[in-house]
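Beneath this line is the structure, given in structure tokens, with notes to follow.
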Ligand SMILES: Cc1cc2nc3c(=O)[nH]c(=O)nc-3n(C[C@H](O)[C@H](O)[C@H](O)COP(=O)(O)O)c2cc1C
């Protein structure tokens, strides 16, 4: 099972969740703007995370969504952090669906900075998919 974890995080909250997911999945979390972020080799599962900014996704995440190809990403799971709204989860799901990539209905969300318990839960969440 090949798993990739990608995220974008301005202030570290979504990054913390991404790193816990990556730990659970036994892989590394990469920011979508890292040079090696584009998915080159086929993956069975992509965890994609982003926060909500002014009710939208960061441009880096939108750009990354445009690079995705359904022939290299079999399935995706989305995660997010925000102050209040879970809307980024829907935006991420829509971006993936528009690329023809099936998305799990189950999502992972934390309000602002995830605490120790939430990070543990994120690890366990990822392990379920192994
Ligand atoms: C400019 C800006 C706009 C934001 N807009 C929203 C918003 O519309 N709704 C919301 O619930 N949270 C909003 N937030 C809160 C962030 O989504 C939240 O702090 C998130 O955890 C940041 O994740 P990051 O540390 O990974 O960048 C906003 C934060 C910033 C800085």
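In my numbering, the protein residues as written are 623 to 752. From the three backbone atoms N, C-alpha and C, an ideal C-beta is built for every residue, glycine too. Predicted model, so just to flag it, every value in this text is computed and none were measured.
Sorry if obvious, but does the Cβ on residue i come closer than 6 Å to a heavy atom of ligand 1?
{"i": "residue 634", "result": "yes"}
{"i": "residue 643", "result": "no"}
{"i": "residue 729", "result": "no"}
{"i": "residue 674", "result": "yes"}
{"i": "residue 703", "result": "yes"}
{"i": "residue 653", "result": "no"}
{"i": "residue 751", "result": "no"}
{"i": "residue 723", "result": "no"}
{"i": "residue 625", "result": "no"}
{"i": "residue 706", "result": "yes"}
Given this structure, state the Cα-to-Cα distance separating residue i from residue j, to the nearest angstrom.
{"i": "residue 719", "j": "residue 725", "result": "7 Å"}
{"i": "residue 693", "j": "residue 737", "result": "36 Å"}
{"i": "residue 708", "j": "residue 677", "result": "9 Å"}
{"i": "residue 661", "j": "residue 750", "result": "22 Å"}
{"i": "residue 715", "j": "residue 700", "result": "7 Å"}
Between residue i and residue j, which are expected to be in contact by the criterion C-beta below 8 Å, what is the C-beta distance as a whole number of angstroms?
{"i": "residue 696", "j": "residue 667", "result": "7 Å"}
{"i": "residue 710", "j": "residue 643", "result": "Going by Cβ atoms, the distance from residue 710 to residue 643 rounds to 15 Å, so no, they are not a contact pair."}
{"i": "residue 670", "j": "residue 698", "result": "6 Å"}
Exercise for the section: Kindly confirm or deny that the segment 721-732 and the segment 626-634 touch, where touching means at least three C-beta pairs closer than 8 Å. Expected result: no
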